[in-house]
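The sequence shown maps to residues 1 to 347 in the UniProt record's numbering. Where a beta carbon is used, it is the ideal one built from N, C-alpha and C, also for glycine. For clarity, every value in this text was computed on a predicted model and none was experimentally measured. Report on one structure; see the data block that follows.
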Amino acid sequence: MQNRVFYTICFGFLFGVLLRSFVFVNIYIAVLFGVMAVALLLFFALISLGHRPTGEAKNNWGILISIFILAFSFGIFRFHLVDVPAPDIFESQVGQKVSFSGEIIDEPSIKENNQQLTVETEEGKNTTKILLSTGLGEDYKYGDEINFSGKLKKPENFITGQGKEFDYINYLRKDGILYVMGYPKIEIISRGNGNIVQNALFFIKEKFLEKMNFVINTPENLLMGGLILGEKSAFDESMRQSFVNTGTIHIVALSGYNVTIVAEWIMKLFAQVPYMPKNFGIGTGILAIFLFIIMTGGSSTAIRAGIMATLVLIARATGRNYDVTRALILAGVLMIILNPFLLVFNL
Numbered sequence: 001m002q003n004r005v006f007y008t009i010c011f012g013f014l015f016g017v018l019l020r021s022f023v024f025v026n027i028y029i030a031v032l033f034g035v036m037a038v039a040l041l042l043f044f045a046l047i048s049l050g051h052r053p054t055g056e057a058k059n060n061w062g063i064l065i066s067i068f069i070l071a072f073s074f075g076i077f078r079f080h081l082v083d084v085p086a087p088d089i090f091e092s093q094v095g096q097k098v099s100f101s102g103e104i105i106d107e108p109s110i111k112e113n114n115q116q117l118t119v120e121t122e123e124g125k126n127t128t129k130i131l132l133s134t135g136l137g138e139d140y141k142y143g144d145e146i147n148f149s150g151k152l153k154k155p156e157n158f159i160t161g162q163g164k165e166f167d168y169i170n171y172l173r174k175d176g177i178l179y180v181m182g183y184p185k186i187e188i189i190s191r192g193n194g195n196i197v198q199n200a201l202f203f204i205k206e207k208f209l210e211k212m213n214f215v216i217n218t219p220e221n222l223l224m225g226g227l228i229l230g231e232k233s234a235f236d237e238s239m240r241q242s243f244v245n246t247g248t249i250h251i252v253a254l255s256g257y258n259v260t261i262v263a264e265w266i267m268k269l270f271a272q273v274p275y276m277p278k279n280f281g282i283g284t285g286i287l288a289i290f291l292f293i294i295m296t297g298g299s300s301t302a303i304r305a306g307i308m309a310t311l312v313l314i315a316r317a318t319g320r321n322y323d324v325t326r327a328l329i330l331a332g333v334l335m336i337i338l339n340p341f342l343l344v345f346n347l
């Protein structure tokens, strides 16, 4: 019964998010279904308390259906919370040359011919994110406060080399990015304005990659950076395509196994300390996973790997078996709870 409840909750929630991703559902309808589901759940639960063997299976199915509807309603409700319209103050300036100030809130994404900066800017009480494309000449960093001016645009879908339309609009929208600006004029006002922990982790990552690039020649250093930190931004298009053609692109993506290795190394380090409780080592391992996810940029791949690695450590701490299928489903559900756009638009 526990397995059935687990899968019912997970798939009910996922179906709710999936429906709301394609079809607008009024929030009041979702709330109504949720209230009905709670009433049905209480009804079937009270009946099952009678312990009538002949009706036990039917009551269980009634409980599972009620749970599914409740989770389904929650999926619709969760998507509704993040599906907010673009601020009018920014919408009215689309297509115009504008000037804003803002903060770079993520590591610059280095491409072959340019770099992309995710900037959070505020206008009045409204906040939005803009993706800036700029040249490789300037060394921009996370936490830089900048002034920038250029033509504000909405992202547009485009046709890939395989002749398919890439949903670039929703691909950016999943990260909260609603606007783009190509090669604006940028002036750095100040540096180091971001989160102090994130700044420190990005600094450690940068220095680690610098030392590795000094010791290991290209392109081997790029492969090593991908294996250890999931770093793919330095790949040129030909190298990226080579990984795709050989079916090995997955090796430069973080996996739960890679992250678990990092956590286990931390745990073994603390295990050498005398009188250190075992659970303290597991706790530090989980903390290391959390920090590692931040250091690698907090991508959906890193988050999924981090959740699965954390579940491995929790299973070891509690002496329970680690079920890969359940862990993968739970990791996916937790990610979609955090960001419902990932289910459909994480292309």
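Beta-carbon separation (whole angstroms), residue i vs residue j, contact threshold 8 Å
{"i": "Phe345", "j": "Asp167", "result": "7 Å"}
{"i": "Leu172", "j": "Leu131", "result": "6 Å"}
{"i": "Tyr140", "j": "Pro108", "result": "5 Å"}
{"i": "Thr8", "j": "Leu64", "result": "5 Å"}
{"i": "Ser133", "j": "Gly182", "result": "5 Å"}
{"i": "Met212", "j": "Gly225", "result": "7 Å"}
{"i": "Glu123", "j": "Phe90", "result": "7 Å"}
{"i": "Phe79", "j": "Ser21", "result": "7 Å"}
Option nearest residue i by Cα separation, candidates the options
{"i": "residue 348", "options": "Leu334, Gln96, Leu201 and Pro87", "result": "Absent from the structure is residue 348, since the part of the chain shown begins at 1 and ends at 347."}
{"i": "Ile336", "options": "Ser238, Leu81, Val119 and Phe68", "result": "Leu81"}
{"i": "Phe290", "options": "Gly306, Gly281 and Asn157", "result": "Gly306"}
{"i": "Ile288", "options": "Val180, Ile188, Lys268 and Tyr322", "result": "Reading the sequence as shown, one finds Ala at residue 288 and not Ile. For Ala288, the nearest C-alpha among the options comes from Lys268."}
{"i": "residue 354", "options": "Ser73, Asn26 and Ser48", "result": "Shown here, the chain extends from 1 to 347; a query on residue 354 therefore has no answer."}
{"i": "Ile303", "options": "Leu229, Arg240, Val273 and Lys129", "result": "Leu229"}
{"i": "Gly192", "options": "Gly12, Glu156 and Asp106", "result": "Asp106"}
{"i": "Val25", "options": "Leu338, Phe77 and Ser48", "result": "Phe77"}
{"i": "Trp265", "options": "Ser92, Phe6 and Gly283", "result": "Gly283"}
{"i": "Glu112", "options": "Ile104, Val119, Gly135 and Glu120", "result": "Gly135"}
{"i": "Ser190", "options": "Asn245, Ile104 and Ile110", "result": "Ile104"}
{"i": "Leu222", "options": "Ile204, Ile110 and Glu120", "result": "Ile110"}
{"i": "Glu206", "options": "Val119, Phe270 and Thr296", "result": "Thr296"}
{"i": "Val180", "options": "Asn157, Leu49, Ser300 and Ile204", "result": "Asn157"}
{"i": "Glu120", "options": "Gly176, Leu338, Gln96 and Ile169", "result": "Gly176"}
Under 8 Å between C-beta atoms of residue i and residue j
{"i": "Ile69", "j": "Phe44", "result": "no"}
{"i": "Ile146", "j": "Gly102", "result": "yes"}
{"i": "Phe214", "j": "Val262", "result": "no"}
{"i": "Lys174", "j": "Val94", "result": "no"}
{"i": "Ile294", "j": "Leu201", "result": "yes"}
{"i": "Ala309", "j": "Asn279", "result": "no"}
{"i": "Leu14", "j": "Val98", "result": "no"}
{"i": "Gly143", "j": "Asn199", "result": "yes"}
{"i": "Val324", "j": "Cys10", "result": "no"}
{"i": "Thr218", "j": "Leu178", "result": "no"}
{"i": "Gly62", "j": "Gly16", "result": "no"}
{"i": "Leu19", "j": "Leu343", "result": "no"}
{"i": "Gly161", "j": "Ala71", "result": "no"}
{"i": "Ala315", "j": "Tyr322", "result": "yes"}
{"i": "Ala327", "j": "Leu313", "result": "no"}
{"i": "Leu209", "j": "Glu187", "result": "no"}
Residue i - DSSP class collapsed to helix/strand/coil
{"i": "Ser21", "result": "helix"}
{"i": "Tyr275", "result": "coil"}
{"i": "Lys164", "result": "coil"}
{"i": "Gly55", "result": "With a pLDDT of 49 at Gly55, under the threshold of 50, the modelled position of that residue is not reliable, and the figure given next carries that caveat. Of the three classes helix, strand and coil, the one that applies to Gly55 here is helix, per DSSP."}
{"i": "Gly283", "result": "helix"}
{"i": "Lys174", "result": "coil"}
{"i": "Gly225", "result": "helix"}
{"i": "Glu187", "result": "strand"}
{"i": "Trp265", "result": "helix"}
{"i": "Ile337", "result": "helix"}
{"i": "Ile159", "result": "strand"}
{"i": "Gly192", "result": "coil"}
{"i": "Gly319", "result": "coil"}
{"i": "Gly297", "result": "coil"}
{"i": "Gly182", "result": "strand"}
{"i": "Thr246", "result": "coil"}
{"i": "Asn213", "result": "helix"}
{"i": "Leu41", "result": "helix"}
{"i": "Glu231", "result": "coil"}
{"i": "Asn26", "result": "coil"}
{"i": "Asn60", "result": "helix"}
{"i": "Leu70", "result": "helix"}
{"i": "Asn3", "result": "helix"}
{"i": "Leu342", "result": "helix"}
Alpha helix (DSSP H) runs contained entirely in the region 72-156, provided each spans 4 or more residues
88-91
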